[in-house]
Amino acid sequence: MSITITEKAAKHVNDHLVSRGTGIGLRLGVKTTGCSGLAYVIEFADKVESDDKVFEDNGIKLIISPKSYTYLKGTELDFGKEGLNEGFKFNNPNVKDKCGCGESFNV
Amino acid sequence: MSLLQISDPAKSNDDLKKFVVGIDLGTTNSLIASYDSQLIIYDDNDSELIPSVVTIHNNGDLSVGETAVINSDNNKSTCLTSIKRIMGLSYTDIQNLNLKDDLPLIKSDNDLPCININNKKYSAIDISSKILLHLRELAETKENKSLDGAVITVPAYFNDIQRQATKNAAKLAGINVLRLLNEPTAAALAYGLESNETGSFIIYDFGGGTFDVSVLTLEKGIFKVLSTDGNTHLGGDDIDYAIVDWLLDNYAFLKKYKPIEIKKYARLLKESLVDKKSISIDIDGNSISLFDNDFLKIITPILDKTFDIVKNALDASNLSKKDIKNIILVGGSTRIHYIKNILEKKFSCNVLNDIDPDKVVAHGAAIQASVLSGNNKENILLLDVLPLSLGVETYGGLSEKVILRNTPIPIKLRKTFTTFKDGQSKLLINIIQGERELVSDCNSLGEFILKDIPSMVAGGPRIDVDFQIDADGILSVSATETTTGNSSMIEVKPSYGLSESDISRMIEDSNNSAETDMRLRRVNESIVEGKRVIYALEQALDSDGRDLLSPDEYNRISDELGALKLSLNDDDSELIDEKINCVEKVSEFYVERRMNRSIKSLIAGKGIDDIL
Numbered sequence: 004m005s006i007t008i009t010e011k012a013a014k015h016v017n018d019h020l021v022s023r024g025t026g027i028g029l030r031l032g033v034k035t036t037g038c039s040g041l042a043y044v045i046e047f048a049d050k051v052e053s054d055d056k057v058f059e060d061n062g063i064k065l066i067i068s069p070k071s072y073t074y075l076k077g078t079e080l081d082f083g084k085e086g087l088n089e090g091f092k093f094n095n096p097n098v099k100d101k102c103g104c105g106e107s108f109n110v
Numbered sequence: 014m015s016l017l018q019i020s021d022p023a024k025s026n027d028d029l030k031k032f033v034v035g036i037d038l039g040t041t042n043s044l045i046a047s048y049d050s051q052l053i054i055y056d057d058n059d060s061e062l063i064p065s066v067v068t069i070h071n072n073g074d075l076s077v078g079e080t081a082v083i084n085s086d087n088n089k090s091t092c093l094t095s096i097k098r099i100m101g102l103s104y105t106d107i108q109n110l111n112l113k114d115d116l117p118l119i120k121s122d123n124d125l126p127c128i129n130i131n132n133k134k135y136s137a138i139d140i141s142s143k144i145l146l147h148l149r150e151l152a153e154t155k156e157n158k159s160l161d162g163a164v165i166t167v168p169a170y171f172n173d174i175q176r177q178a179t180k181n182a183a184k185l186a187g188i189n190v191l192r193l194l195n196e197p198t199a200a201a202l203a204y205g206l207e208s209n210e211t212g213s214f215i216i217y218d219f220g221g222g223t224f225d226v227s228v229l230t231l232e233k234g235i236f237k238v239l240s241t242d243g244n245t246h247l248g249g250d251d252i253d254y255a256i257v258d259w260l261l262d263n264y265a266f267l268k269k270y271k272p273i274e275i276k277k278y279a280r281l282l283k284e285s286l287v288d289k290k291s292i293s294i295d296i297d298g299n300s301i302s303l304f305d306n307d308f309l310k311i312i313t314p315i316l317d318k319t320f321d322i323v324k325n326a327l328d329a330s331n332l333s334k335k336d337i338k339n340i341i342l343v344g345g346s347t348r349i350h351y352i353k354n355i356l357e358k359k360f361s362c363n364v365l366n367d368i369d370p371d372k373v374v375a376h377g378a379a380i381q382a383s384v385l386s387g388n389n390k391e392n393i394l395l396l397d398v399l400p401l402s403l404g405v406e407t408y409g410g411l412s413e414k415v416i417l418r419n420t421p422i423p424i425k426l427r428k429t430f431t432t433f434k435d436g437q438s439k440l441l442i443n444i445i446q447g448e449r450e451l452v453s454d455c456n457s458l459g460e461f462i463l464k465d466i467p468s469m470v471a472g473g474p475r476i477d478v479d480f481q482i483d484a485d486g487i488l489s490v491s492a493t494e495t496t497t498g499n500s501s502m503i504e505v506k507p508s509y510g511l512s513e514s515d516i517s518r519m520i521e522d523s524n525n526s527a528e529t530d531m532r533l534r535r536v537n538e539s540i541v542e543g544k545r546v547i548y549a550l551e552q553a554l555d556s557d558g559r560d561l562l563s564p565d566e567y568n569r570i571s572d573e574l575g576a577l578k579l580s581l582n583d584d585d586s587e588l589i590d591e592k593i594n595c596v597e598k599v600s601e602f603y604v605e606r607r608m609n610r611s612i613k614s615l616i617a618g619k620g621i622d623d624i625l
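These protein sequences, in sequence, are chains X and C. Quick note: the first sequence uses the numbering used here, first residue 4, plus one each step. Quick note: the second sequence uses the numbering used here, first residue 14, plus one each step.
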């Protein structure tokens with residue numbers, strides 16, 4: 004199963020990458036934290052490790068470590084607005100429940 | 014779902030970087046430098062060598078460094094130089110040394126020497142701290158950051174009291190001392206990492222006030238000190254005084270000048286003579302000259318003393334002259350070219366002075382500071398990062414990671430835990446090493462029990478667990494119950510017994526088994542949650558189940574509870590979750606009744622005013 008990114012999110016990522024100047028793509032991952040177990044990590048990627056999984060969608064390279072991949076299979080990265088905030092959203096089919104604040108999730 | 018922003022790993026690393034420096038606190042001059050891919054030396058009025066001079070003005074003002082030297086001619090102030098010579102010494106010690114320095118020393122309590130200026134007493138530590146504070150301010154102003162720590166160099170010859178005095182001076186100046194480093198070792202570090210030399214070396218450090226010699230072997234950047242020797246009162250100052258004596262013998266008119274002024278002329282002659290046959294200077298219309306053969310005659314007794322010490326150090330190291338591959342020259346006094354020539358002749362080896370002998374010690378100290386702070390990740394050995402994650406076992410056999418692998422050490426991190434049962438009085442802290450989710454797949458490094466936790470409901474107590482790994486890789490774990498302050502701890506060596514192949518196998522396993530681990534983690538979490546529900550419900554049923562429930566209702570809840578208990582035996586988290594749901598649903602009205610009764614008992618017999 005692949006990891007995808009919406010056109011809207013891809014445009015934002017591309018803008019960020021251009022203004023940053025360097026970076027080959029986006030690294031997605033999960034870390035254990037919060038009240039419900041896991042939280043998403045999203046950061047610029049400067050290199051690919053040998054065991055990373057790499058997906059390309061809408062012109063953006065998405066890089067994921069094999070461990071994070073098991074939690075993120077089939078995820079779509081989207082960009083959205085909520086009130087005054089705008090930012091990235093993970094549409095992750097593996098999620099079973101989330102904690103109240105939305106910070107962490109469970110699979 | 015909260016909205017996320019992209020974080021920049023490169024930037025966040027920069028923010029985490031600590032601002033650390035190496036300080037060469039010298040007798041004559043001091044330097045402060047930082048090392049982050051390249052060496053930066055912080056200057057004072059464009060001079061990288063900062064005079065270790067403090068001038069105390071009669072109105073109580075202080076000036077330090079270059080400005081202190083400029084103001085020293087003034088009759089309205091006292092100029093203090095070479096203060097390092099009396100660091101950590103008693104008044105009697107100093108009398109025995111027969112110092113020629115014109116320090117206005119008096120004896121104070123406990124045989125401590127004090128400098129008395131305008132009825133104000135200054136100790137050697139006070140004066141040194143002024144110099145250190147000046148250095149700190151120079152670096153902080155330049156970088157516009159506050160200093161996180163420093164490596165300060167001391168002569169190899171310094172005893173514990175002198176080292177402690179140096180540390181105290183740093184403390185007074187508000188500097189966090191990462192480590193005191195021997196000056197010759199710092200020089201070796203500068204050459205070892207930059208030139209990748211191997212073999213045995215002599216470090217010949219002839220500074221302003223001290224002479225040190227060390228015999229080291231360097232192999233792949235790791236060096237071992239074989240022997241050290243030296244003299245804390247032999248340096249460029251002695252050469253200056255020897256020239257002063259010679260000048261007074263040959264130029265009688267100089268006797269009307271202050272000793273400190275004659276010394277200034279002597280130093281000027283010494284520094285100007287480098288590579289020249291002779292030098293002349295003019296003092297108020299009188300000309301004085303110094304020829305290189307006279308100069309050699311003046312300094313020979315002093316140089317011979319240094320060569321004797323070199324011989325002693327070499328004897329102590331059990332090496333012979335032919336084993337020495339290089340001699341590293343350190344300290345401003347090694348600019349006297351006779352030293353290089355004589356040493357080359359004596360040892361028939363290459364004498365190194367590629368790195369500026371005035372800066373080589375600060376250079377090495379800055380590298381050491383960078384390594385100790387964890388900033389310089391490329392140059393550090395595998396030992397300096399944590400090879401595998403460390404954590405503690407939580408209820409249900411799960412591993413909760415506290416420090417993740419590849420974290421640079423030393424490091425200290427804290428996580429807070431709590432109890433699982435009402436009135437739980439003890440907590441077992443099992444320290445786990447490994448990347449897997451279940452404790453049974455990781456290594457246990459050791460365990461200890463925190464006792465005497467005050468009786469509280471489950472989840473009430475806060476237990477802080479601190480993980481600390483020092484620079485030598487020693488892990489200490491302590492657990493503290495925050496209300497009482499009760500604590501216990503354990504010390505272990507995390508890399509003990511693991512080979513490199515073990516470590517890479519454990520990391521690979523964790524990647525390959527991520528999916529199974531994830532499922533097992535989930536099952537275990539469901540079991541823990543199920544047990545919590547059973548425990549809470551049984552407590553409640555025991556206390557008031559018969560009062561609040563009809564026998565029929567009681568049986569229905571008991572049946573669901575039994576089904577939940579049964580489901581815990583299967584490795585099926587979905588089944589367990591479903592049973593938990595059933596139990597919660599069937600006992601909903603019971604929870605409501607309990608709530609109503611508690612509220613009733615709270616408000617019974619009270620007037621409306623008491624409640625609203």
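Built from N, CA and C at the ideal position, the CB exists for glycine as well.
From the options, pick the residue whose C-alpha is nearest to that of residue i; which is it?
i, options, result
"R449 of chain C", "C:R569, C:N524, C:D57 and C:Y270", "C:N524"
"K428 of chain C", "C:I462, C:D479, C:G459 and C:L411", "C:D479"
"V77 of chain C", "C:K89, C:T94 and C:D557", "C:T94"
"T407 of chain C", "C:L441, C:V34, C:I144 and C:I416", "C:L441"
"A382 of chain C", "C:F320, C:G498, C:E591 and C:L191", "C:L191"
"A549 of chain C", "C:D435, C:P126 and C:S457", "C:D435"
"N306 of chain C", "C:I256, C:F320 and C:K318", "C:I256"
"E591 of chain C", "C:I215, C:M608, C:S539 and C:V604", "C:S539"
"N132 of chain C", "C:E587, C:H70, C:K97 and C:D59", "C:H70"
"K34 of chain X", "X:L20, X:K84, X:F82 and X:Y43", "X:Y43"
"T7 of chain X", "X:V51, X:S22, X:K56 and X:D49", "X:K56"
"S491 of chain C", "C:P126, C:K464, C:C92 and C:G473", "C:K464"
"N363 of chain C", "C:S386, C:K335 and C:G345", "C:K335"
"G473 of chain C", "C:S457, C:G498, C:E413 and C:T432", "C:T432"
"A169 of chain C", "C:G73, C:A201, C:Y351 and C:I273", "C:A201"
"F171 of chain C", "C:L185, C:F224 and C:N72", "C:F224"
"V698 of chain C", "C:S60, C:K439, C:L309 and C:R348", "No answer is possible for residue 698 of chain C: the residues shown for chain C start at 14 and end at 625."
"G24 of chain X", "X:A12, X:L41 and X:A48", "X:A48"
"L309 of chain C", "C:K277, C:N354, C:K338 and C:Q18", "C:N354"
"G409 of chain C", "C:K439, C:I340, C:S453 and C:I312", "C:S453"
"V67 of chain C", "C:Y135, C:M502, C:N181 and C:G575", "C:Y135"
"S103 of chain C", "C:C92, C:K97 and C:P126", "C:P126"
Less than 8 Å between the CB atoms is what I'm expecting for residue i and residue j, so what's the real figure, rounded?
i, j, result
"I67 of chain X", "L31 of chain X", "5 Å"
"V384 of chain C", "L403 of chain C", "About 22 Å separates the two Cβ atoms, so there is no contact after all."
"V33 of chain C", "D139 of chain C", "The pair is not a contact, with the Cβ atoms about 25 Å apart (cut-off 8 Å)."
"K289 of chain C", "I252 of chain C", "16 Å between Cβ atoms; not a contact."
"I45 of chain X", "S346 of chain C", "No, I45 of chain X and S346 of chain C are not in contact; Cβ-Cβ is about 58 Å, not under 8 Å."
"D626 of chain C", "L151 of chain C", "Within the shown structure, residues of chain C are numbered from 14 to 625, placing residue 626 of chain C beyond reach of any answer."
"F646 of chain C", "T313 of chain C", "For residue 646 of chain C there is no data in the structure shown, the boundaries of chain C being 14 and 625."
"M100 of chain C", "Q175 of chain C", "5 Å"
**Request:** Answer yes if the region 578-594 of chain C comes into contact with the region 541-561 of chain C, meaning at least three C-beta pairs across the two stretches below 8 Å, and no otherwise.
**Result:** Contact between the region 541-561 of chain C and the region 578-594 of chain C is present, because at least three Cβ pairs lie under 8 Å.
**Item:** Positions along the region 46-58 of chain X whose CB lies within less than 7 Å of some CB in chain C
**Value:** E46, F47, D49 and D54
**Asked** Considering only residues of the region 420-505 of chain C, which uninterrupted alpha helix (DSSP H) runs meet the minimum length of 4 residues and lie entirely inside it, listed in chain order?
**Response** Scanning the region 420-505 of chain C for uninterrupted alpha helix (DSSP H) segments of 4 residues or longer gives nothing; none is fully contained.
**Three or more C-beta pairs below 8 Å linking the region 61-80 of chain X and the region 525-536 of chain C** = yes
**Asked** Can at least three beta-carbon pairs, one atom from the region 297-306 of chain C and one from the region 255-264 of chain C, be found at a separation below 8 Å?
**Response** yes
**Message:** Which complete alpha helix (DSSP H) runs does the region 559-583 of chain C hold, if anything under 4 residues is left out?
**Reply:** 564-580
**Asked** So, do the region 240-254 of chain C and the region 306-325 of chain C have three or more beta carbon pairs nearer to each other than 8 Å?
**Response** yes
**Message:** Would the region 47-65 of chain C count as touching the region 140-157 of chain C if we require 3 or more Cβ pairs under 8 Å?
**Reply:** As far as the Cβ criterion goes, the region 47-65 of chain C touches the region 140-157 of chain C, which means the pair count is three or higher.
**Prompt:** Which runs of the alpha helix (DSSP H), 4 residues or longer, sit entirely within the region 302-339 of chain C?
**Reply:** Annotation note: the region 302-339 of chain C contains the following uninterrupted alpha helix (DSSP H) runs of length 4 or greater, listed N- to C-terminal: 305-329.
**Item:** Secondary structure, beta strand (DSSP E): runs of 3+ residues fully inside the region 356-393 of chain C
**Value:** With a minimum length of 3 residues, the continuous beta strand (DSSP E) runs that stay inside the region 356-393 of chain C are 363-365.
**Prompt:** For the region 87-101 of chain X, which residues have a beta carbon sitting closer than 8 Å to at least one beta carbon of chain C?
**Reply:** N88, E89, G90, F91, K92, F93 and K101
**Request:** Write down every uninterrupted run of the beta strand (DSSP E) in the region 120-207 of chain C whose length is 3 residues or greater and which is fully enclosed by it, in chain order.
**Result:** 126-130, 133-135, 162-167 and 190-195
**Asked** Can you list, in chain order, the residues of the region 63-81 of chain X whose Cβ is nearer than 9 Å to any Cβ on chain B?
**Response** Structure shown: chain B not included; protein chains present are X and C.
**Request:** Would you mind listing the alpha helix (DSSP H) stretches within the region 240-267 of chain C that are 4+ residues and don't spill past its ends, in chain order?
**Result:** 249-263
**Item:** 4 or more residues per run - each alpha helix (DSSP H) lying fully within the region 22-64 of chain X
**Value:** none
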